[in-house]
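Each remark here refers to the structure printed beneath this line.
In our numbering, the protein residues as written are 1 to 216.
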């Protein structure tokens with residue numbers, strides 16, 4: 001019996017995009033169901049009744065929610081092209097940095113884009129401070145785990161195009177080669193991988209979507 005893999009997502013979600021990348025890196029065929037979050041489908045609400053959000057991966061009828069959880073499920077289910085290292089300490093370290101990105105970097109960058117004045121200044125300062133930790137972690141590496149893309153790279157992948165688009169729409173400058181040479185190099189290396197590069201949403205549509213969110 002053939003496996004059935006479905007991914008509920010929106011085209012704008014960076015959290016869903018990391019799941020798309022993982023499936024492509026593993027060579028897993030899947031069906032994409034695009035959701036309208038202003039009018040969520042009964043299936044999405046059925047599969048993710050707790051958070052009612054995307055992404056949701058449905059594998060042979062069984063739903064998995066939360067993007068980092070989904071990445072680990074994909075890695076444990078399909079062993080080819082592993083996303084996490086074998087060593088327990090290295091696996092724990094990878095989980096730490098993936099969570100750090102979601103909890104301590106993404107929210108601050110998003111807040112810096114959505115706010116103004118003192119609140120924006122505070123968000124930018126905090127984001128810059130946390131990005132310095134990321135810079136240190138990348139020293140001497142092509143990717144976070146070494147020479148191949150892994151879970152942490154997918155978790156931070158949103159930075160590669162989102163930050164540059166947000167910088168185009170504001171006067172903010174969060175990342176430059178002088179302050180963050182390793183981070184900028186990582187972004188270049190990551191974006192050059194065909195599986196990654198071919199999956200980006202159209203930038204003009206993303207800009208329009210970001211402007212609409214900022215306006216609200």
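Heads up, the beta-carbon is just placed ideally off N, CA and C, and yes, glycines get one too.
Beta-carbon separation (whole angstroms), residue i vs residue j, contact threshold 8 Å
| i | j | result |
| --- | --- | --- |
| residue 127 | residue 165 | In fact, because the Cβ distance is near 16 Å, the residues do not count as touching under 8 Å. |
| residue 135 | residue 183 | 5 Å |
Member of the options whose CA lies at the smallest distance from the CA of residue i
| i | options | result |
| --- | --- | --- |
| residue 57 | 192, 84, 73 | 73 |
| residue 24 | 193, 119, 214, 215 | 193 |
| residue 69 | 80, 55, 61 | 55 |
| residue 191 | 115, 117, 142, 41 | 142 |
| residue 39 | 28, 10, 63, 103 | 10 |
| residue 18 | 105, 200, 184, 185 | 200 |
| residue 61 | 83, 118, 3, 180 | 3 |
| residue 154 | 179, 116, 195 | 195 |
Cβ pair residue i, residue j closer than 7 Å
| i | j | result |
| --- | --- | --- |
| residue 30 | residue 50 | no |
| residue 15 | residue 44 | no |
| residue 26 | residue 81 | yes |
| residue 148 | residue 71 | no |
| residue 120 | residue 129 | no |
| residue 152 | residue 94 | yes |
CB contact check: residue i to chain B, cutoff 7 Å
| i | result |
| --- | --- |
| residue 76 | Of the chains in the structure shown, none is chain B; there is only one protein chain. |
Per DSSP, the bridge partner or partners of residue i
| i | result |
| --- | --- |
| residue 218 | In the structure as shown, the chain begins at 1 and stops at 216. Residue 218 is therefore absent and cannot be evaluated. |
| residue 63 | 58 |
Start-end ranges of the alpha helix (DSSP H) lying completely within the region 77-163, minimum 4 residues: Runs found: 88-100, 106-114, 117-138, 151-156.
Restricting to runs no shorter than 4 residues, where is the alpha helix (DSSP H) found entirely within the region 157-200? Fully enclosed alpha helix (DSSP H) runs of 4 or longer: 158-169, 181-191, 194-197.
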